[in-house]
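Undergrad: The opening residue of the sequence shown carries number 17 in the numbering used here; numbering runs sequentially from there.
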Amino acid sequence: MKITKDTMISEVLKINPNAIPILMGYGMACLGCPSSQMETLEQAAMVHGIDIDDLLEKLNA
Numbered sequence: 017m018k019i020t021k022d023t024m025i026s027e028v029l030k031i032n033p034n035a036i037p038i039l040m041g042y043g044m045a046c047l048g049c050p051s052s053q054m055e056t057l058e059q060a061a062m063v064h065g066i067d068i069d070d071l072l073e074k075l076n077a
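1) Just to confirm before moving on: does the CB-CB distance between residue 21 and residue 66 stay below 8 Å?
2) Pull the bridge partners of residue 56 from the DSSP assignment, please.
3) Quick one: Cα of residue 33 to Cα of residue 61, how far?
4) At the level of alpha carbons, what is the spacing between residue 47 and residue 71?
5) Would you check if the distance between the CB atom of residue 24 and the CB atom of residue 55 is smaller than 8 Å?
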């Protein structure tokens, strides 16, 4: 399954268990917070000032 900008943060972790260090490297340290259940990867990237295309490339590599 491919991770897209519309994938919920909680789903990203299920699709790619290796996503944790990638997301943490971008400053996304609240992976277990309640908003991760309702926030898309694109929404989280915007909040953290992250280039979504760059992040998607690394998560889907």
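All C-beta atoms in this analysis are idealised placements derived from N, C-alpha and C, irrespective of residue type, glycine included. The structure presented is a predicted model; accordingly, all values stated were derived computationally and were not measured.
TA: Per the coordinate set shown:
1) For the purposes of this step, residue 21 is identified with residue 5 of the sequence shown, where counting begins at 1. For the purposes of this step, residue 66 is identified with residue 50 of the sequence shown, where counting begins at 1. Result no, Cβ atoms of residue 21 and residue 66 do not sit closer than 8 Å.
2) Taking the sequence shown and counting its residues from 1, one reaches residue 56 at position 40. Beta-bridge annotation (DSSP): residue 56 is paired with 24.
3) Along the sequence shown, one-based indexing puts residue 33 at 17. Along the sequence shown, one-based indexing puts residue 61 at 45. Residue 33 and residue 61: Cα-Cα distance of roughly 19 Å.
4) Along the sequence shown, read from residue 1 onward, the residue named residue 47 stands at position 31. Along the sequence shown, read from residue 1 onward, the residue named residue 71 stands at position 55. Going from the Cα of residue 47 to the Cα of residue 71 covers about 15 Å.
5) Working through the sequence shown from its first residue, we reach residue 24 at position 8. Working through the sequence shown from its first residue, we reach residue 55 at position 39. Their beta carbons are under 8 Å apart, which means residue 24 touches residue 55 by this criterion.
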